[in-house]
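Data block below; observations after.
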Amino acid sequence: YRLLFAEDAAFPTQLRQIFDPPPLLFCRGDISRLQQPQIAIVGSRKPTTHAQKITFDMAQYLVQAGYVITSGLAMGVDKRAHLGALAQTDINCQGHTIGVMGTGIDVCYPNHHDQLFSQIVDRGGCLVSELLPHTQPHKHTFPRRNRLVAGLSLATIVTEATIKSGSLITARLTSEQGKQVFAIPSHIDNTNAEGCHHLIREGATLIYHPQQVIEDVNGQLDYDNNG
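According to my numbering, the sequence shown holds residues 12 to 238 in order.
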């Protein structure tokens, strides 16, 4: 792995701008991904089959549009987001995903995700952690991970989440950083989507197609560059 300090040129610029930037990052894979425009996709660890498909397809679409997909390497939505980003035959789109770890860079968690970790690194993606090597998963390490997922990204999409999902932490941090939160609606009796409905009620942008994300994010980038 590589070690990036905050003053290094390769350190992601967007992380320097958050309230509590990490002083260093441990990285595996292609660190150039960290400087590319990213969109976070997060959600339930136990998504419905429908949400899994939406997540995979949305990640694939956004990668083809030139974005890097950033997520937290968890089961469920996170994994489907990474796999969707990796499912590319176009050489120019391969490896456009970043996995932010809630453990040390040398600790594979969940344990059975070792194949996913290898795929990300081998196909040109990047794994990143602010935690010291050998750090094991703990309830306090994952909010720190969520902070980096939000900090690295231009916006966050929540495809499906319960009301107590950690994805809502990522969404809140995204909003606090002045970035846009997108949420996908579902049936009102789908308890697995209560978190998304809550976010929409609180002001998140309802979407049903990834092109809507691209239009809003590009519009914001144009505004920031010109205004």
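The C-beta atom is built at its ideal place from N, Cα and C for all residues, glycine as well. No experiment lies behind these values; they were computed from the predicted model shown.
- Boundaries of the alpha helix (DSSP H) harbouring A62: T60 to Q75, taken from the DSSP string.
- Q49 is bridged by DSSP to V79.
- Annotated as proximal: G95 and Q71, with beta-carbon spacing under 9 Å.
- A distance of 9 Å or more separates the beta carbons of A194 and L184.
- In the DSSP assignment, S176 falls outside any beta strand (DSSP E), carrying neither H nor E.
- The Cβ atoms of Q147 and G106 lie no closer than 9 Å to each other.
- In this chain, the beta strand (DSSP E) harbouring A166 covers A166 to V169.
- Annotation: the region 122 to 167 contains the following complete segments of the alpha helix (DSSP H) (minimum length 4 residues), in chain order: 125 to 133 and 152 to 163.
- Counting along the chain, the unbroken beta strand (DSSP E) around G110 starts and ends at T108 to V111.
- P34 is classed as exposed because its beta carbon has fewer than 16 other beta carbons within 10 Å across all chains shown.
- Boundaries of the beta strand (DSSP E) around A194: Q191 to A194.
- Annotated three-state conformation of G40 is strand, per DSSP.
- Taking a cut-off of 8 Å for Cβ pairs, the region 45 to 59 and the region 171 to 185 touch, as three or more such pairs fall below it.
- Judged by DSSP secondary structure, R56 falls outside any beta strand (DSSP E); it is assigned neither H nor E.
- If you check the CB distance, G206 and E171 come in under 9 Å.
- Taking the Cβ atoms as the reference, I80 lies roughly 6 Å from V74, within the contact range of under 8 Å.
- Per DSSP, reduced to three states, the secondary structure at T202 is helical.
- In the structure shown, the three-state DSSP call for T114 is coil.
- Judged by their CB atoms, L127 and L84 are nearer to each other than the 9 Å cut-off.
- T216 is bridged by DSSP to F193.
- Within the DSSP secondary-structure output, F16 pairs in a beta bridge with L35.
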